[in-house]
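Working notes for the structure below.
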Amino acid sequence: MTERFEDREALAAKIEWEGGLMESLDCGITTEMMPEGDTGLTEAWAKLEASFRETSRLADAVQELLDAEQDGEATP
Numbered sequence: 003m004t005e006r007f008e009d010r011e012a013l014a015a016k017i018e019w020e021g022g023l024m025e026s027l028d029c030g031i032t033t034e035m036m037p038e039g040d041t042g043l044t045e046a047w048a049k050l051e052a053s054f055r056e057t058s059r060l061a062d063a064v065q066e067l068l069d070a071e072q073d074g075e076a077t078p
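Mind the numbering: the sequence shown is residues 3 to 78 in the working numbering, read in order.
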């Protein structure tokens, strides 16, 4: 079972410790870890998490194209 943050203060401390929101998402903080009953934060984090996943997927695709170009394997 995923452990939840006790409150917003605990989450904020973890985000700061990780170096920011994007780093926190990258290290695996998920919607299921939001404080119990904090629907506003949970909904906002779910949107941020979905956006982060999509952005990561797109960034990976761009990086693959750049890497292929460097290796002489240019693709359209």
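Each residue gets a CB set at the ideal place from its N, CA and C atoms; glycine is no exception.
Residue i burial status per 10 Å Cβ neighbour count (16 or more: buried)
i	result
Trp47	buried
Leu13	buried
Ser53	exposed
Leu68	exposed
Supposed contact pair residue j and residue i - C-beta distance, whole angstroms, cut 8 Å
i	j	result
Thr4	Thr41	Not really, about 17 Å apart at Cβ, beyond 8 Å.
Beta carbon of residue i nearer than 7 Å to that of residue j
i	j	result
Glu51	Arg6	no
Leu43	Met36	yes
Cys29	Glu20	yes
Spatial distance of residue i from residue j (CA atoms)
i	j	result
Val64	Ser58	10 Å
Glu8	Glu56	28 Å
Glu25	Gly74	32 Å
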